[in-house]
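FYI, UniProt numbering numbers position 78 of the sequence shown as 78, with every residue one higher than the one before it.
We put the beta carbon where it would ideally sit given N, CA and C, even for glycine.
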Amino acid sequence: MDDVSILAELATYMSQVPPSDSLPVRLCRAAVMMLSADGGSIVLTPDSMPAFPLAASNTVARRIESVQEIFDAGPTRSARETANLAEVSVVTASAAPSLVMDELRQAAGDVTISAYPMRVAGEVLGVLAVYTSRRRALSRPPEDAQTLADIVGAALLQSMDADPTDLVAWPARARVHQATGMVVAQLRVSPEDALTLIRARAYAQGTTIEAVSDDLVSRRLNFASDDDSTGRERS
Numbered sequence: 001m002d003d004v005s006i007l008a009e010l011a012t013y014m015s016q017v018p019p020s021d022s023l024p025v026r027l028c029r030a031a032v033m034m035l036s037a038d039g040g041s042i043v044l045t046p047d048s049m050p051a052f053p054l055a056a057s058n059t060v061a062r063r064i065e066s067v068q069e070i071f072d073a074g075p076t077r078s079a080r081e082t083a084n085l086a087e088v089s090v091v092t093a094s095a096a097p098s099l100v101m102d103e104l105r106q107a108a109g110d111v112t113i114s115a116y117p118m119r120v121a122g123e124v125l126g127v128l129a130v131y132t133s134r135r136r137a138l139s140r141p142p143e144d145a146q147t148l149a150d151i152v153g154a155a156l157l158q159s160m161d162a163d164p165t166d167l168v169a170w171p172a173r174a175r176v177h178q179a180t181g182m183v184v185a186q187l188r189v190s191p192e193d194a195l196t197l198i199r200a201r202a203y204a205q206g207t208t209i210e211a212v213s214d215d216l217v218s219r220r221l222n223f224a225s226d227d228d229s230t231g232r233e234r235s
């Protein structure tokens with residue numbers, strides 16, 4: 001299909017999503033429907049900043065991205081780094097032992113994850129990732145799905161230029177950056193190491209990076225009083 005036809009079809013599917021949802025969520029859900037996927041997510045990858053989930057169509061998609069965010073690994077990262085489609089079948093991949101794949105399998109079961117870079121003006125703005133269960137194929141060929149991802153990225157970029165407050169995930173992500181700065185001050189480590197510690201804490205507690213960041217910002221948590229990022233108290 002040509003770009004105009006894909007754009008027109010995306011608009012049709014967006015009309016089926018409640019207008020009260022934020023633009024990223026509407027784009028995400030419309031893309032999921034258009035590809036006949038079981039769920040999906042949109043992740044932004046701003047320059048010099050960690051990637052972060054912007055929207056998810058359901059709980060399973062949210063879990064999939066949370067696992068990848070905690071480990072900073074998986075198809076979403078591969079798509080971001082290579083600017084090309086990254087696809088993995090979680091069950092097939094588990095034949096080669098991998099903690100990330102084990103966690104993805106626990107979070108989502110037997111799914112295939114397809115991650116498409118959102119390429120805008122030669123740069124990767126983020127990733128549109130969708131999943132299907134029981135190794136079911138998507139309804140569109142990879143080239144059409146990639147065009148769809150690029151269109152979604154362009155729509156998000158235009159939205160950010162017009163009204164940055166429309167991206168409701170920004171406030172939540174601001175807390176992550178604030179929490180990272182607090183860990184830098186508490187432990188005198190680099191921002192990269194601070195974020196790694198937050199990721200490790202989230203994994204150890206079976207929670208999300210955002211939840212750990214909330215605890216840090218609200219001062220319910222202080223890494224300086226722990227012997228490591230997993231929450232074990234000093235003896």
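Query                                                                                                 : Result
Alpha carbon of Pro24 to alpha carbon of Tyr203, nearest angstrom                                     : 26 angstroms
Where Ser57 sits in the DSSP three-state scheme                                                       : coil
Close beta carbons around Val32, own chain, < 7 angstroms, minus the five adjacent residues each side : Gly39, Gly40, Ser57, Val130
Reduced DSSP secondary structure (H/G/I, E/B, other) of Val17                                         : coil
Closest Cα partner of Arg63 within the set Met101, Ala83, Pro50, Leu35                                : Met101
Three-way DSSP call (helix, strand, coil) for Ala115 in this model                                    : strand
Whole-angstrom distance between Val183 and Leu197, CA atom to CA atom                                 : 8 angstroms
Backbone CA spacing between Thr165 and Ser159 [nearest angstrom]                                      : For Thr165, the predicted structure reports a pLDDT of 47, less than 50, and the residue's modelled location is therefore unreliable. A value from the coordinates is still provided. Rounded to the nearest angstrom, the two C-alpha atoms are 9 angstroms apart.
First and last residue of the uninterrupted beta strand (DSSP E) at Thr132                            : 123–133
Bridge-paired residues (DSSP) for Leu44                                                               : Phe52, Gly126
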